[in-house]
Amino acid sequence: MTRVVRAPIVVGLVLAIIGFAFGAGVLGAIRTARGQSFWEIEVGMSVGYVFALIGWLAGVGGWQHWGREWFGLEAKPYTLTGWKRYFGFSPDHKVIGIQYAVTFIVVFLLSGLTAMLIRVELMRDGKQIFTPDQYNAAMGFHGITMVAVAVAVLLGGFGNFIVPLMIGARDMAFPRLNALTYWFVPPVAVLLIIAVLMGGWESGWTAYPPLSSLHTKHGQVLFNLAVITFGLVSILGGINFLVTIIYERAPGMTWSRLPIFVWGAFAASLISFFFTQALAAALLMVLLDRIAGTSFFRQAEGGSPVLYEHVFWFYSHPAVYVMVLPGFGAALEILSHLSRKPLFAYRWVAGAMIGIVMLSGIVWAHHLFTSGMAPYLHAPFLVLTEMISIPTGLIFLGAIGTIWAGKLWLQTPMLFALAFIFNFLMGGVTGIYLADVPTDLHLQDTYFVVAHFHYTIVGGEIFALFAAIYFWFPKFTGRMYNETLGKIHFWLMFIGFQLTFIPMFRVGIQGMNRRIADYPHEYAGYNTFISLAAFLLGSSFLFFVWNMASAWLKGRVAEPNPWRASTLEWQVSSPPPEHNFDEIPVITDTPYGYGGGPAHHRPFAGGALATEEG
Amino acid sequence: MRRDFTLFTIVWALVTAASLAVAYFILRDMSFPTHGAEEASVIDDAFMALTYLACPVFGIVIAAMVVALLKHRSSGPNNGDGERILGTGSLPVVWFGVSSLLCAIVIIYPGLTGLFELRDHKDPDLRIVATAQMWAWTVEYPDSKVKVFGAQELVLPKDETVEVDITSIDILHSFWVPAFRQKMDAVPGQINKIYITPDRVGDRESDAAYRLQCAELCGLGHAIMTMPVRVVEKAEFDAWLKQQQSVTEAK
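From first to last, the protein sequence lines are chains A and B.
Residue 402 in the working numbering is what sits at position 402 of the first sequence, and the numbering runs on without skipping anything.
Residue 170 in the working numbering is what sits at position 170 of the second sequence, and the numbering runs on without skipping anything.
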């Protein structure tokens with residue numbers, strides 16, 4: 001019994017409740033002294049939450065393993081072993097990687113289930129299962145949770161697990177910060193779920209004021225608190241990756257020998273680090289307009305709703321590259337190893353990633369072509385946005401050059417990586433129509449946009465995510481997934497995805513706008529088809545979950561290097577030993593030595609890299 | 001390798017031709033909602049121009065994938081490596097140059113040319129004021145002091161250029177009639193203008209493209225924030241306006 005009571009999550013929860021009571025109580029006392037009511041829900045929740053968050057982080061391990069040192073006490077050692085490590089504060093990047101990956105895949109499935117409910121509602125015109133209010137709650141929840149998954153699942157899950165191994169490091173640069181960063185995530189999920197249980201919020205994931213600042217339900221406050229907290233995850237994670245990749249590379253791991261996935265993680269971290277503040281600031285301003293009576297966006301008091309759109313997209317457009325750059329990296333990595341071909345035009349591809357980072361910060365206003373912003377801004381943002389196609393084109397060159405004349409081994413991860421090329425091609429090409437002002441004036445806010453960003457984010461990043469999951473599953477778990485189930489998952493997901501989203505382009509052009517609980521009867525035919533296809537897409541994940549669960553519990557034991565790949569993470573046991581490498585390897589060549597004879601297959605020196613067999 | 005290039009060229013030509021044919025014969029006629037205003041041409045032409053340009057680019061990637069999938073499969077990791085092609089030669093330079101050129105073309109036409117064509121508006125024959133609120137539109141004809149609201153019809157004359165002054169009294173909304181294509185947000189405290197020249201008679205009963213639809217998420221009633229639109233001949237419009245005036249005066 002005492003063991004359960006001392007479990008980090010239980011301690012965290014208890015301290016969170018105490019923290020909330022303290023914060024809300026002090027606030028209530030001040031309010032009472034000023035002659036106001038003790039409890040005001042929005043201010044109370046906001047102030048209480050800040051202290052609840054501190055209590056949670058301290059209780060879950062931040063105090064025991066770190067905070068004590070600030071007061072001259074000795075930090076407690078890490079005693080949890082086995083599966084319990086995943087439910088506590090652990091500085092091991094491999095534990096943290098699995099914590100992120102599993103958490104976000106659970107959120108992904110939950111959010112996908114919400115999408116299925118949305119498709120039930122939209123199957124016909126008129127009301128099916130949701131009132132407009134419930135529809136908006138479901139849509140907002142699907143939107144923000146999927147954005148969070150897309151931002152953090154590849155970087156947080158695979159970046160944490162794989163990047164230190166790939167560069168020959170024993171851990172991330174700041175292991176305790178890394179652990180702390182992960183433990184910010186559960187409060188975000190809890191806040192969003194409570195917000196939905198309280199009736200949701202009506203402003204979607206974009207939270208445009210004055211709707212979000214003057215109207216909508218109390219759930220809006222929880223939404224803002226959740227997204228600001230999540231911003232912290234992004235910024236702290238970004239710093240950790242940048243420092244790790246700059247300073248923790250093994251001897252000989254020069255920038256031109258970095259595996260491309262590390263370049264993707266590096267480029268994405270640059271964006272998280274530089275731009276996330278804008279999102280947090282925008283949502284903090286909305287929050288203050290609601291609870292503190294400021295007037296950032298109250299037009300009547302001199303505020304400007306269009307200001308919010310600028311600040312919000314100043315982050316939220318670069319954010320799509322936080323999502324997709326690690327996806328590029330993972331897909332290209334897999335294409336190279338499973339084609340047994342060097343990555344084509346490596347330096348151009350790495351340069352293109354940095355080019356995307358630089359352009360990403362100066363294209364945001366293409367989201368505002370119909371906002372009524374000054375018309376002279378249209379032309380420069382049209383030009384800059386179209387220019388993103390140049391570095392993106394180089395990524396495609398890298399992909400098709402790599403599979404050209406290769407030896408394509410069509411295992412599940414390879415199928416997902418190839419599908420990534422096709423899907424991102426569709427997403428990229430349709431993006432041109434939205435960067436072009438004349439076509440955007442019609443297409444803005446229609447299902448064409450919905451189809452476009454699902455092609456780039458789901459078709460691009462999420463397909464790359466599944467490629468990464470199947471590719472690195474043996475390294476994560478020490479077991480092999482079932483290939484047949486993997487292929488069934490792939491084909492159902494690929495076909496379901498195309499059938500769902502291609503008709504959306506069409507119905508969008510035809511005049512169906514997005515984010516609506518009901519639509520004119522004329523669009524019902526398309527929507528019935530889209531819903532049925534979406535259920536097919538949804539069903540593919542049953543095979544995924546079954547495969548993952550059964551393989552992790554009782555799958556065939558995996559060898560250290562089932563793919564015969566030459567990057568460092570495959571040279572250690574599966575799963576890797578806690579210290580990663582017995583001795584730090586010395587890197588002597590690029591990891592893409594395929595076709596250069598056996599000498600190029602071991603681009604490192606240092607003998608046996610790991611001794612513990614999983 | 002030589003055979004690969006031959007196959008690549010054939011597949012590329014086939015995919016490009018097929019996608020151009022689909023674009024020309026199917027998309028061009030079937031994709032768009034009713035073409036209800038002169039300005040719609042700029043937008044529809046731009047859409048088709050981008051589609052035609054995209055076809056050969058699409059073809060390159062698909063052809064490369066088809067060649068790799070047809071000719072270069074392997075049953076496992078121990079069948080030797082692919083050729084050691086590093087891509088350090090001139091191909092990336094050429095690719096970079098050609099894609100930059102394509103990008104420049106798209107920026108100029110249909111991008112900037114279309115933008116300036118839409119911007120280049122004529123003197124309006126009629127001015128209307130569209131005011132948004134949660135969750136209904138009010139449209140005023142200031143010159144004749146006529147006002148329509150909610151489920152009443154927004155009536156416009158054919159072949160007259162209309163200036164629409166768009167604003168909101170509460171939160172963000174957006175003015176969009178699919179038949180006219182252009183979209184503009186309604187922002188409180190700000191008047192945004194678009195110019196529309198309807199060139200075809202039409203109405204909501206027979207065509208969903210003739211509806212004024214809010215296109216910026218505005219909460220509970222967003223989906224139903226619509227107003228039927230009817231475009232009529234000028235004479236009929238004048239008669240309608242006169243009749244509306246007498247209704248207003250009778251009140």
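Ideal Cβ placement from N, Cα and C applies to all residues, glycine included.
- At the C-beta level, A/F543 and A/L485 come within 8 Å of one another.
- For the pair B/L126 and B/V162, the CB atoms are nearer than the 8 Å cut-off.
- At least 8 Å separates the CB of B/H35 from every CB of chain A.
- In this structure, DSSP gives B/P157 an extended state, which the three-state scheme calls strand.
- E386, M387, S389, I390, G393, L394, F396, L397: these are the residues of the region 386 to 399 of chain A whose beta carbon lies less than 7 Å from some beta carbon of chain B, given in chain order.
- Of all residues in the region 335 to 358 of chain A, the ones placed with a Cβ closer than 7 Å to any Cβ belonging to chain B are S339, R340, K341, P342, F344, A345, W348, in chain order.
- Non-local C-beta neighbours of A/G44 in its own chain, meaning closer than 8 Å and more than five positions away in sequence, comprise A24, L27, G28, ordered along the chain.
- When the five nearest sequence neighbours on each side are left out, the beta carbons in the same chain lying within less than 7 Å of the beta carbon of A/I18 are those of G55, in order along the chain.
- Per the coordinates, the alpha-carbon of A/L180 lies some 36 Å from the alpha-carbon of A/R298.
- Going by DSSP, B/D45 is part of the alpha helix (DSSP H) stretching over 40 to 71.
- By the CB criterion at 8 Å, B/T113 and B/D159 fall outside the cutoff.
- The Cβ atoms of A/F505 and A/A451 lie closer than 8 Å to each other.
- Three or more pairs of CB atoms, one per stretch, sit closer than 8 Å, so the region 263 to 272 of chain A contacts the region 326 to 333 of chain A.
- By the neighbour-count criterion, in which 16 or more other beta carbons inside 10 Å mark a residue as buried, B/R181 falls on the buried side.
- Along the region 63 to 83 of chain B, the positions whose C-beta sits under 8 Å from a C-beta of chain A are A64, M65, V67, A68, L69, H72, R73, S74, S75, G76, P77, N78, N79, G80, D81, G82, E83, read in chain order.
- Identification of chain A residues near B/P188 by a Cβ-Cβ cut-off of 9 Å yields P210, Q299, A300, P305, ordered along the chain.
- Leaving aside the five residues that flank A/Q444 on each side, the residues in its chain whose CB is nearer than 8 Å to its CB run, in chain order, F369, T370, L434.
- B/Q182 belongs to the set of residues whose beta carbon lies under 8 Å from a beta carbon in chain A.
- In this chain, the beta strand (DSSP E) harbouring B/N192 covers 192 to 196.
- Residues are counted here when their Cβ sits less than 9 Å from a Cβ of chain A; for the region 207 to 218 of chain B these are D207, A208, A209, R211, Q213, C214, A215, E216, L217, C218, given in chain order.
- At a Cβ-Cβ threshold of 8 Å, A/E461 and A/L154 count as neighbours.
- Assigned with DSSP and collapsed to three states, A/Y519 falls in coil, not helix or strand.
- Runs of the beta strand (DSSP E) lying entirely within the region 338 to 419 of chain A, each at least 3 residues long, are absent.
- A/A524 is positioned such that its CB atom lies no closer than 8 Å to that of A/P132.
- Leaving aside the five residues that flank A/F312 on each side, the residues in its chain whose CB is nearer than 6 Å to its CB run, in chain order, A282.
- In the three-state reduction of the DSSP assignment, B/D203 falls in the strand class.
- With a 10 Å radius around the Cβ and a threshold of 16 neighbouring Cβ atoms, A/Q220 comes out buried.
- Per the Cβ contact rule, the region 184 to 192 of chain A is not in contact with the region 250 to 259 of chain A (fewer than 3 Cβ pairs under 8 Å).
- By the Cβ-count criterion, B/M1 is exposed, with fewer than 16 other Cβ atoms from all chains shown falling within 10 Å of its own Cβ.
- Residues of the region 439 to 465 of chain A whose Cβ lies closer than 7 Å to any Cβ of chain B, in chain order: T439, L441, H442, Q444, D445.
- Close CB contacts of A/E74 within its chain, under the 6 Å cut and outside five residues either way in sequence, are absent.
- Under the 10 Å beta carbon count, B/D81 is surrounded by 16 or more other beta carbons and is classified as buried.
- For a cut-off of 8 Å, the C-beta gap from A/F104 to A/G156 is around 7 Å, short enough to register as a contact.
- In this structure B/Y210 is in contact with B/V177, their Cβ atoms being roughly 7 Å apart against a cut-off of 8 Å.
- Between B/L91 and A/P438 the beta-carbon gap is near 34 Å, outside 8 Å, which marks them as no contact.
- Taking 9 Å as the Cβ-Cβ cut-off, the region 214 to 233 of chain A approaches chain B at L214, H215, T216, given in chain order.
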